[in-house]
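Notes to accompany the following structure.
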Amino acid sequence: MNAAHLVAARRTAVAPRRGAFNAVEAHDLAAPVLRTCLSDAGIPPEAVGHVILGNALSGGGNVARLAALAAGIPARVPALTMDTQCCSGLDAIALGARLVASGAVEIVLAGGVESWSRAPLRARRPRSPEDAPAFYDRPAFSPFPDRDPDMLEAMAALAVERGFTRAAQHNVAVDSHAKARAARERMAAEIVPVAGLAHDAFTRDLTHRLAARAPLVAGEGACALDATTVAVEADAAACVLIVSGAVKERLGLPSCIVTAAASVGGEPERPYDALVPAVRAVLDQTGLALDALAVIELMEASAPQLLENRRHLPLADDRLNRGGGALARGHPVGASGAILGVRLFQELMDMSGGARGLAAIAAAGGLGSALMLQRS
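UniProt numbering puts the first residue of the sequence shown at 1, with every later residue one more than the last.
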C-alpha cells in the first residue's frame, strides 16, 4: 500500500444557522475551499482524481459533484457525496486516503459541507389523496422507535445518568470558547473567506455568569442542557487535499501522513458511546498509547458528550481541541468531522516531524469515526 499524504487543508468559517451564510447554497460554500486547497499545493484542477464530500442535510442529489464543477474541476473527474451524519466529513477523508493508498488515484479532494440555512424542508408523501404531506425535522436513525431518541434527549439522559451538572457542563463550554478566542488569529490562516466572513462567528467571551443565564434546551434540574452546552446548528465547508507519496515528493511539499483510520458501530440509543471505540481501534492499529499523541481533536456536539468521552480517554487539556471545539463554533453536521481533520492538520503542521495527532467524532445512529495523522 502507498502512503496517503495530506498536503493542504482549508475550511470556511463556521456560521450559525440563518447567519452570514444564510443565502449561500452548500456547493457554493464548498467550491472556494476546494479551489484554495488546490492553489495552496500548486496542483491544477485537471490533476484531481476524485472528489469526496460528506453531507447530511442537502436532501439528496450529489452536492460533491456540484461543488466540484463550481470549483472548476473538469467534468470528467468523478465526485461522491456520502452520508454518515456527523461522521460524514471525517469518513470522506478516510475514504479518500484509502483510495490514494490503494493506488486507485493519486490526488483526492475530501471533506464535508453543510448548510442548515439552505437545507430543504422534508416531508413524507401522503398515502392517499385525502392526506397531507407529513413534514419532519430528522430521519430515523434506527429502525426501532424505542432505540431512536432525539439527540438532545439522549444527551440529557446521559447528563442525568452520569451526574454531569450544569456547572460541570459550563466548565466545558467556557473552556472551549476561551481556547477558540485565544487561537483566533492563528486559525485565520486556515479559513477561506466566504460572504465576507473570515472568522468563526459564534465564538464569544463566555463566562460562567453568562452561561448560568442561558435558556434550557433539554432536560431539567441540576443536569439540564442549555444553549451554551449544546453546539448550535451551523453552516460550513472543510476540505483536505490528499496525494500519493510520489506526488508529494514531486511537489516538494511538507505533509501529514494518514497512519490509521477506523469507523465503528455502537448502540443507536447511545450515539455518544461510539467515539471511544473508534479512538481505541485507531490506537490498536498503530500500537500507540493515548499519551503518544501531541494533539487531539474531539467533537463537542454537547458538553455531556465530551465529559463522557473524557471519562474513558484521559486527555491533557493542552493537547485537546487547542483551537476550541464545536461548542465555540457550531455543528455543521456533514462538515463537522472534516473541520476536525483540518484543525488536526493545521496543528500538526506547526509541530516538528514525527508529531502525531488524532481526530474523532460520533454520529446519530451509533456511529463513531477516528483518524490519525503524523507530521512527515
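All C-beta atoms in this analysis are idealised placements derived from N, C-alpha and C, irrespective of residue type, glycine included.
Beta-carbon separation (whole angstroms), residue i vs residue j, contact threshold 8 angstroms
{"i": "residue 56", "j": "residue 334", "result": "4 angstroms"}
{"i": "residue 367", "j": "residue 265", "result": "6 angstroms"}
{"i": "residue 293", "j": "residue 356", "result": "5 angstroms"}
{"i": "residue 108", "j": "residue 199", "result": "In fact, because the Cβ distance is near 28 angstroms, the residues do not count as touching under 8 angstroms."}
{"i": "residue 111", "j": "residue 239", "result": "3 angstroms"}
{"i": "residue 26", "j": "residue 58", "result": "5 angstroms"}
{"i": "residue 172", "j": "residue 206", "result": "No, residue 172 and residue 206 are not in contact; Cβ-Cβ is about 11 angstroms, not under 8 angstroms."}
{"i": "residue 138", "j": "residue 269", "result": "So it is not a contact: roughly 15 angstroms between Cβ atoms."}
{"i": "residue 215", "j": "residue 234", "result": "Actually they do not touch by this definition, with Cβ atoms about 18 angstroms apart."}
Of the residues the options, the one placed nearest residue i, counting alpha carbons only
{"i": "residue 69", "options": "34, 87, 100, 195", "result": "34"}
{"i": "residue 41", "options": "369, 374, 249", "result": "249"}
{"i": "residue 327", "options": "44, 340, 283, 51", "result": "340"}
{"i": "residue 301", "options": "153, 238, 255, 185", "result": "153"}
{"i": "residue 282", "options": "270, 260, 303, 290", "result": "260"}
{"i": "residue 221", "options": "354, 8, 156, 231", "result": "156"}
{"i": "residue 119", "options": "30, 22, 9", "result": "22"}
{"i": "residue 60", "options": "91, 121, 14, 5", "result": "121"}
{"i": "residue 9", "options": "303, 242, 163", "result": "242"}
{"i": "residue 117", "options": "232, 307, 324", "result": "232"}
{"i": "residue 230", "options": "32, 268, 177, 190", "result": "177"}
{"i": "residue 54", "options": "73, 186, 95", "result": "95"}
{"i": "residue 163", "options": "36, 307, 322", "result": "307"}
{"i": "residue 322", "options": "305, 358, 353", "result": "358"}
{"i": "residue 44", "options": "332, 280, 251", "result": "251"}
{"i": "residue 204", "options": "324, 191, 286, 52", "result": "324"}
{"i": "residue 286", "options": "46, 196, 262, 316", "result": "262"}
{"i": "residue 167", "options": "46, 48, 208, 284", "result": "208"}
{"i": "residue 158", "options": "316, 354, 284, 273", "result": "273"}
CB of residue i within 8 angstroms of CB of residue j, strictly
{"i": "residue 288", "j": "residue 361", "result": "no"}
{"i": "residue 165", "j": "residue 223", "result": "yes"}
{"i": "residue 365", "j": "residue 144", "result": "no"}
{"i": "residue 12", "j": "residue 236", "result": "yes"}
{"i": "residue 210", "j": "residue 219", "result": "no"}
{"i": "residue 15", "j": "residue 201", "result": "yes"}
{"i": "residue 253", "j": "residue 7", "result": "yes"}
{"i": "residue 113", "j": "residue 63", "result": "yes"}
{"i": "residue 303", "j": "residue 169", "result": "yes"}
{"i": "residue 188", "j": "residue 271", "result": "no"}
{"i": "residue 106", "j": "residue 279", "result": "no"}
{"i": "residue 82", "j": "residue 92", "result": "yes"}
{"i": "residue 124", "j": "residue 136", "result": "yes"}
Alpha-carbon spacing of residue i relative to residue j, whole angstroms
{"i": "residue 182", "j": "residue 375", "result": "24 angstroms"}
{"i": "residue 28", "j": "residue 67", "result": "7 angstroms"}
{"i": "residue 129", "j": "residue 342", "result": "49 angstroms"}
{"i": "residue 314", "j": "residue 296", "result": "11 angstroms"}
{"i": "residue 377", "j": "residue 349", "result": "As displayed, the chain neither begins before 1 nor continues past 376, which places residue 377 out of reach and without an answer."}
{"i": "residue 193", "j": "residue 149", "result": "37 angstroms"}
{"i": "residue 3", "j": "residue 98", "result": "9 angstroms"}
{"i": "residue 30", "j": "residue 299", "result": "21 angstroms"}
{"i": "residue 65", "j": "residue 160", "result": "43 angstroms"}
{"i": "residue 217", "j": "residue 134", "result": "25 angstroms"}
{"i": "residue 103", "j": "residue 245", "result": "10 angstroms"}
{"i": "residue 351", "j": "residue 337", "result": "22 angstroms"}
{"i": "residue 369", "j": "residue 258", "result": "14 angstroms"}
{"i": "residue 85", "j": "residue 345", "result": "22 angstroms"}
{"i": "residue 24", "j": "residue 17", "result": "11 angstroms"}
{"i": "residue 151", "j": "residue 185", "result": "33 angstroms"}
{"i": "residue 52", "j": "residue 90", "result": "11 angstroms"}
{"i": "residue 32", "j": "residue 115", "result": "15 angstroms"}
{"i": "residue 388", "j": "residue 373", "result": "Residue coverage of the chain in this structure runs from 1 to 376, which leaves residue 388 outside it and unanswerable."}
{"i": "residue 73", "j": "residue 37", "result": "12 angstroms"}
{"i": "residue 318", "j": "residue 39", "result": "32 angstroms"}
{"i": "residue 267", "j": "residue 305", "result": "15 angstroms"}
{"i": "residue 309", "j": "residue 131", "result": "45 angstroms"}
{"i": "residue 196", "j": "residue 332", "result": "19 angstroms"}
{"i": "residue 291", "j": "residue 347", "result": "17 angstroms"}
{"i": "residue 277", "j": "residue 127", "result": "41 angstroms"}
{"i": "residue 48", "j": "residue 284", "result": "32 angstroms"}
{"i": "residue 354", "j": "residue 46", "result": "32 angstroms"}
{"i": "residue 191", "j": "residue 5", "result": "21 angstroms"}
Residue i: CB within 7 angstroms of a non-hydrogen atom of the ligand NAD
{"i": "residue 177", "result": "In the structure on display, the ligand NAD does not appear, and there are no ligands present to speak of."}
For residue i: DSSP bridge partner residues
{"i": "residue 266", "result": "Partner(s): none; residue 266 has no beta bridge."}
{"i": "residue 374", "result": "257, 356"}
{"i": "residue 11", "result": "191, 238"}
{"i": "residue 436", "result": "Nothing can be reported for residue 436, as the shown portion of the chain is limited to 1 through 376."}
{"i": "residue 226", "result": "216"}
{"i": "residue 135", "result": "123"}
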